[in-house]
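In what follows, a single structure is set out as structure tokens and then discussed.
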Amino acid sequence: NPKEDITYATISEFLRLHDEPLGRFIQMPQPKLRWNHTSTCNRREEIPDFVLFNMSLISPHIRLRAGIETKRLLPTMKNLPTSLSLEENVGVMGLLHLMYYQGEDQAKAAVRSEYVSDNVPIPWLLFIGPYWTPVLYGPFTPQELSVRVHKHHPSADFQDSVNAMNKLLGKPQVRPLFLLGTIAARNRLEQFIQETDVLAQPLVEA
Numbered sequence: 080n081p082k083e084d085i086t087y088a089t090i091s092e093f094l095r096l097h098d099e100p101l102g103r104f105i106q107m108p109q110p111k112l113r114w115n116h117t118s119t120c121n122r123r124e125e126i127p128d129f130v131l132f133n134m135s136l137i138s139p140h141i142r143l144r145a146g147i148e149t150k151r152l153l154p155t156m157k158n159l160p161t162s163l164s165l166e167e168n169v170g171v172m173g174l175l176h177l178m179y180y181q182g183e184d185q186a187k188a189a190v191r192s193e194y195v196s197d198n199v200p201i202p203w204l205l206f207i208g209p210y211w212t213p214v215l216y217g218p219f220t221p222q223e224l225s226v227r228v229h230k231h232h233p234s235a236d237f238q239d240s241v242n243a244m245n246k247l248l249g250k251p252q253v254r255p256l257f258l259l260g261t262i263a264a265r266n267r268l269e270q271f272i273q274e275t276d277v278l279a280q281p282l283v284e285a
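FYI, in my numbering the residues of the sequence shown are 80 to 285.
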């Protein structure tokens, strides 16, 4: 998407600065996470803008550490105001609200594709331009894993579909924002990646 991928290079470079020791994680842009990876006829999929993952010689061979969803910066961000001044901005809150549920669908697809365990929280980053916030998804119930908020399908659990739509239509919440290039963002991003080291460590040592 030309409206989003202009931010890819910047985000990728800042992530690379945290790739120490070298090979700590692998970046992959726009991976296709299939909703039903065991069916060749089912073409439903979710595509995050990035994922961070590790590989192993033992199954599962691909282990997702985190996902990233991005959007281009909003006009109100043009002069790079402080993160704090944007956290309660209605436009920012509304866009992050929609992105949150878009990312949740992607996290569910990662679980269904068996790239991450179904019994642990799944870290995600939501970027609007150079501003970002960390979120966690799951663990999901089997019923929740059947529901996509942005791309509803008839086989989903009915009650959980209703609950998901109510959340999507609900009031956006204030989320902490970090601006790439600041000390606070550097420290929080390192903390975020350190938290995902726990998911990858057994595979790195295998």
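Glycine included, each C-beta is placed from N, C-alpha and C at the ideal position. Since this is a predicted model, take the numbers as computed values, not measurements.
- By the Cβ criterion, the segment 175 to 192 is not in contact with the segment 87 to 105, since fewer than three pairs of Cβ atoms, one from each stretch, lie closer than 8 angstroms.
- When the beta-carbon positions are compared, Leu177 and Tyr210 stay at least 8 angstroms from each other.
- Taken in chain order, the unbroken stretches of alpha helix (DSSP H) that lie wholly in the segment 85 to 131 and span 4 residues or more are 87 to 95.
- By the C-beta density criterion, Ala186 is buried, having at least 16 other C-beta atoms within 10 angstroms.
- Taking the Cβ atoms as the reference, Ala263 lies roughly 12 angstroms from Phe271, outside the contact range of under 8 angstroms.
- According to the DSSP assignment, Lys150 belongs to the beta strand (DSSP E) that extends over 141 to 150.
- Its chain contains Trp114 as the residues whose beta carbon lies nearer than 6 angstroms to that of Arg123, once the 5 sequence neighbours on both sides are disregarded; these appear in chain order.
- From the listed residues Glu92, Ser91, Phe93, Asp98, the smallest Cα separation to Thr275 is found for Asp98.
- Annotation: Val228 is outside any alpha helix (DSSP H) and is labelled neither H nor E by DSSP.
- When the beta-carbon positions are compared, Tyr180 and Val228 come within less than 8 angstroms of each other.
- With a beta-carbon spacing of about 7 angstroms, Val171 and Ile207 fall inside the 8 angstroms limit used to define contacts.
- In this structure, Lys150 is the residue among Lys150, Leu96, Lys111, Asn168 with its C-alpha nearest to the C-alpha of Leu204.
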